[in-house]
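Inspection log for the structure reproduced underneath, given as structure tokens.
What follows is the structure in structure tokens.
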């Protein structure tokens, strides 16, 4: 098993670090793709909120390639068997898009209710 030491300056965009690692075939951060935040700002502190959004969107158990959202814990992306980095990233992008659609739907609902 290989280990890596990555030195990153505080303030770097978290997702850019994940993407850089994937491009260089450095594993381990795939499940943290698309989490907004900066290095040094604890990007995983909001992981519970993301799990809730993933659950609300009905994505528990969603499988893309060999990467999946855990069927019981929505905040966990699992490798079902030799998933490539791009499969995990594709799943993360799918989750991100679903969350964006849900967020837009919620905003539309709030506007509709405000007009009444």
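Residue numbers (my numbering): 8 to 123. A virtual CB, placed ideally from N, CA and C, is assigned to each residue, including glycine.
For residue 36 versus residue 25, is the C-beta spacing smaller than 8 Å?
Reading the chain shown from its first residue, position 29 is the one you call residue 36. Reading the chain shown from its first residue, position 18 is the one you call residue 25. Closer than 8 Å, so yes.
Run of the beta strand (DSSP E) containing residue 76, from where it starts to where it stops:
Here residue 76 is taken as the residue at index 69 of the chain shown, counted from 1. Counting along the chain, the beta strand (DSSP E) containing residue 76 begins and ends at 74-76.
Where does residue 92 land, buried or exposed, given buried means 16+ other C-beta within 10 angstroms?
Within the chain shown, numbered from 1, the residue matching residue 92 stands at position 85. Its Cβ being crowded by 16 or more others within 10 Å, residue 92 is buried.
In the DSSP assignment, find the unbroken beta strand (DSSP E) run with residue 86 in it and report its ends.
The residue you call residue 86 lines up with position 79 of the chain shown. Looking at the DSSP string, the run of the beta strand (DSSP E) that includes residue 86 is 84-86.
Count the other CB atoms, across all protein chains shown, that sit within 10 Å of the CB of residue 94; report buried if there are 16 or more and exposed otherwise.
If you number the chain shown from 1, residue 94 lands on position 87. The residue is buried, with at least 16 neighbouring Cβ atoms inside 10 Å.
Closer than 7 Å by C-beta to residue 68: which residues in its own chain qualify, once you throw out the five before and the five after it? Chain order, please.
Sequence index remark: in the chain shown, residue 68 carries index 61 (1-based). Contacts found: 75, 76 and 78.
Locate the alpha helix (DSSP H) running through residue 39, then write down its first and last residues.
Translated into the one-based positions of the chain shown, residue 39 becomes position 32. Note, residue 39: premise wrong, no alpha helix (DSSP H); not H, not E.
Within the continuous alpha helix (DSSP H) that includes residue 25, where are the two ends?
For the purposes of this step, residue 25 is taken as residue 18 along the chain shown, with counting starting at 1. Where residue 25 is concerned, the enclosing alpha helix (DSSP H) stretches over 21-30.
Residue burial classification, residue 21 (beta-carbon count within 10 angstroms, cutoff 16)
Taking the chain shown and counting its residues from 1, one reaches residue 21 at position 14. It counts as buried.
Cβ atoms of residue 58 and residue 82: under 8 Å apart, would you say?
Locating residue 82 in the chain shown gives position 75, where the first residue counts as 1. Locating residue 58 in the chain shown gives position 51, where the first residue counts as 1. Taking 8 Å as the Cβ cut-off, residue 82 and residue 58 qualify as a contacting pair.
Beta-carbon proximity check, residue 105 vs residue 70, cutoff 8 Å
Locating residue 105 in the chain shown gives position 98, where the first residue counts as 1. Locating residue 70 in the chain shown gives position 63, where the first residue counts as 1. Contact: no.
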